[in-house]
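What follows is a set of notes on a single structure, which appears directly below.
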Amino acid sequence: MEREGSGGSGGSAGLLQQILSLKLVPRVGNGTLCPNSTSLCSFPATARRLSVDTRDLPCITPAFSSFTEMWYGVFLWALVSSLFFHVPAGLLALFTLRHHKYGRFMSVSILLMGIVGPITAGILTSAAIAGVYRAAGKEMIPFEALTLGTGQTFCVVVVSFLRILATL
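The numbering of the sequence shown is our numbering, which starts it at 1044 and goes up by one.
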């Protein structure tokens, strides 16, 4: 294997080995392998291309196995992604309606919707998602929690913009 200074793909493999040897991520259990080879934390194709021994790679994404961990992960992503949309919208409303007598309070309601919505509905839907995973006996990796949490916010934004509720 080539060393880091010689360039090519071997140089990036050496750099990868150095980064992974820093032990910034705690080991899962007493091994260095990922819990299963099909999870997103295994790098078989990349490791083969860079000629890296996969037994030395730590698992970077430990899976959530309990109901509470799964629920909390999905809920936090739903809350953070909701705030990601609602805080700029609230600030924009505050800036554009700052001279209006009652319009300036619309920004407060937008910010409250960004917090209250995920706290009420997000708690229930995140618990339902975690319950399904737990009943199926599956583990959830953090990327799945991110996808499901931001997916909830995406659905809320789509329904809000399409004005589906106004037609009922």
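Where a beta carbon is used, it is the ideal one built from N, C-alpha and C, also for glycine. For clarity, every value in this text was computed on a predicted model and none was experimentally measured.
The alpha-carbon of Gly1146 is positioned some 50 Å away from that of Gly1180. By the criterion of at least three beta-carbon pairs nearer than 8 Å, the segment 1115-1125 is in contact with the segment 1168-1178.
Separation of Pro1161 and Ser1152 (C-alpha to C-alpha, rounded to the nearest whole angstrom) is 14 Å. Selection Leu1211, Ser1203 and Gly1194 evaluated against Ser1124 yields Gly1194 as nearest (Cα-Cα). Per DSSP, the unbroken alpha helix (DSSP H) holding Ala1121 starts and ends at Phe1110 to Thr1139. Counting only the Cα atoms, Ala1178 lies some 33 Å from Leu1155. Closest in alpha carbon position to Thr1190, among Ser1108, Phe1107, Ala1121 and Phe1110, is Ala1121.
A straight line joining the alpha-carbon of Val1175 with that of Phe1197 spans about 21 Å.
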